[in-house]
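Enquirer: Order-wise, the sequence lines are chains A and B. In case it helps, our numbering puts the first sequence at residues 3 to 81. In case it helps, our numbering puts the second sequence at residues 6 to 229.
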Amino acid sequence: MAAAFRLEPELERLLAARDVRALVLDLADVGFVDSAGLGALLSIRERTTQLGIEMAIARPSDAVRRLLELAGSGDVVRD
Amino acid sequence: MSSAIEPAPRRVVLPGVFRPRSDTWLLAGAACRQPLPAGARVLELCAGPAVAGIAVARERGAMLTTVDVSRRAVLNARVNAWLNRVAIRARRGDLLAAVKGDRFDLIIANPPYVPGPRPPSGGAARAWDAGSRGRAILDRICAAAPAHLAPRGILLLVHSEVCDPDATLAAYAAAGLAADVAARQRGPLGPLLRKRRASLEAAGLLRAGQTAEDVLVLRGRAGA
């Protein structure tokens, strides 16, 4: 949950830079995402949609992929 | 209709989960105005994204439990609780069976109440289809919720005038609760009711040509 708290402001900072066209989050080293992490990912996705920035998640673990699918957001995964 | 709660809780609504509408905000506003003890235990049934429950938890420092039959809605409630930094116990289950033995200072619900087909076992329509008179879920909550109220506990259900508010008030009274209308709001018929207008008129649930409905928050208060 502490990681989820850090993720949003960190990405806000990155997205504030000019000329960001796409955001890919590589989750290869993330074994597990709880509802806090999912909340952070989904609100980042909302933010990127507002800004017209394409967002994708790469290399999710099976558990993370299942969670995203349960959330109806499996299409954010880029294989 | 925007939120009566300012600022509205931060939220995401996952695909297929019922989106907050005017009845959600009417319920949330009424819920936030109820007298509650410190550290109140609040239960939201048929919670969906749990916006009303999260508003109460945030405004009143209450301890929130939510119940929904949909796995995705349970996940959605947890996500929204986190977005608002509110603690939550989100359970998947069938109404009050999911909180057996627990009592609450406030129980709220915006249950499925659109008259039509019997409640389906899955799919998005599970969030609104409520049987021929719109009371399939309402009647079950009215029967089971009073036993889960703490002393001076309050039950708030929101629904349209088309699904017989007097039946809700009568069920409260029969369970020993003091029954009244906590809030009422007139608005145009929602899209689902509009689509079913012909059959609702035939069933006598809408007057011929009726284009507006009252949505009410029905309150039942337990004794000390």
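The beta carbon of each residue, even a glycine, is placed where N, CA and C say it ideally should be. The structure presented is a predicted model; accordingly, all values stated were derived computationally and were not measured.
1. Opposite residue 59(A) in the DSSP bridges: which residues?
2. Tell me the residue span of the alpha helix (DSSP H) that contains residue 45(A).
3. Please determine, among 80(A), 59(A), 81(A) and 77(A), the residue with the shortest C-alpha to C-alpha distance to residue 35(A).
4. Between the segment 170-183 of chain B and the segment 22-36 of chain B, are three or more C-beta pairs nearer than 8 Å?
5. Which same chain residues, not among the five before or five after residue 136(B), have their C-beta less than 6 Å away from its C-beta?
6. Decide if residue 116(B) is buried, meaning its Cβ has at least 16 other Cβ atoms within 10 Å, or exposed.
7. At what residues does the beta strand (DSSP E) containing residue 159(B) begin and finish?
8. With DSSP collapsed to three states, give me the class of residue 217(B).
9. With a threshold of 16 other CB atoms inside 10 Å of the CB of residue 41(A), please say whether the residue is buried or exposed.
10. Helix or strand or just coil, what does DSSP make of residue 10(B)?
11. Check residue 197(B) in the structure and name its three-state DSSP category.
12. Run through the DSSP bridge pairs and tell me what residue 71(B) is partnered with.
13. Contact check, residue 222(B) vs residue 179(B) under 8 Å by CB: the rounded distance?
14. May I have the straight-line CA-CA distance separating residue 215(B) from residue 189(B), to the nearest angstrom?
15. Are the beta-carbon atoms of residue 18(B) and residue 89(B) separated by less than 8 Å?
16. Against residue 44(A), what residues of chain B qualify as contacts under a CB-to-CB distance less than 7 Å, listed in chain order?
17. Near residue 129(B), what residues of its chain come up, given a Cβ to Cβ distance below 7 Å and the 5 sequence neighbours on each side ignored?
Expert: Result, derived from the coordinates:
1. Along the first sequence, one-based indexing puts residue 59(A) at 57. Residue 59(A) pairs with 27(A) and 79(A).
2. Residue 45(A) sits at position 43 when you count from the first residue of the first sequence. Note, residue 45(A): alpha helix (DSSP H), 37-53.
3. Counting from 1 along the first sequence, the entry for residue 35(A) is found at position 33. It is 59(A).
4. no
5. Locating residue 136(B) in the second sequence gives position 131, counting from the first residue. Taken in chain order, the residues that qualify are 123.
6. Numbered from its first residue, the second sequence carries residue 116(B) at position 111. Buried, because 16 or more other Cβ atoms sit within 10 Å of the Cβ of residue 116(B).
7. Counting from 1 along the second sequence, the entry for residue 159(B) is found at position 154. Residue 159(B) -> beta strand (DSSP E) spans 154-165.
8. As a position in the second sequence, residue 217(B) is number 212, starting the count at 1. Note: residue 217(B) maps to strand in three-state DSSP.
9. Residue 41(A) sits at position 39 when you count from the first residue of the first sequence. Result: buried.
10. Here residue 10(B) is taken as the residue at index 5 of the second sequence, counted from 1. Residue state, collapsed to three classes: coil.
11. The residue you call residue 197(B) lines up with position 192 of the second sequence. The answer is helix: DSSP assigns residue 197(B) an H, G or I state.
12. The sequence position of residue 71(B) within the second sequence is 66, counting from 1. Within the DSSP bridge table, the entry for residue 71(B) names 49(B) and 95(B) as partners.
13. Taking the first residue of the second sequence as 1, we reach residue 222(B) at position 217. Taking the first residue of the second sequence as 1, we reach residue 179(B) at position 174. Incorrect: roughly 19 Å between the Cβ atoms, too far for contact.
14. Taking the second sequence and counting its residues from 1, the one referred to as residue 215(B) is at position 210. Taking the second sequence and counting its residues from 1, the one referred to as residue 189(B) is at position 184. Those two C-alpha atoms are separated by around 18 Å.
15. Translated into positions along the second sequence, residue 18(B) becomes position 13. Translated into positions along the second sequence, residue 89(B) becomes position 84. In this structure, residue 89(B) does not lie closer than 8 Å to residue 18(B) by Cβ.
16. For the purposes of this step, residue 44(A) is taken as residue 42 along the first sequence, with counting starting at 1. Simply 17 and 84.
17. Walking along the second sequence from the start, residue 129(B) turns up at place 124. So the qualifying residues of the chain are 21.
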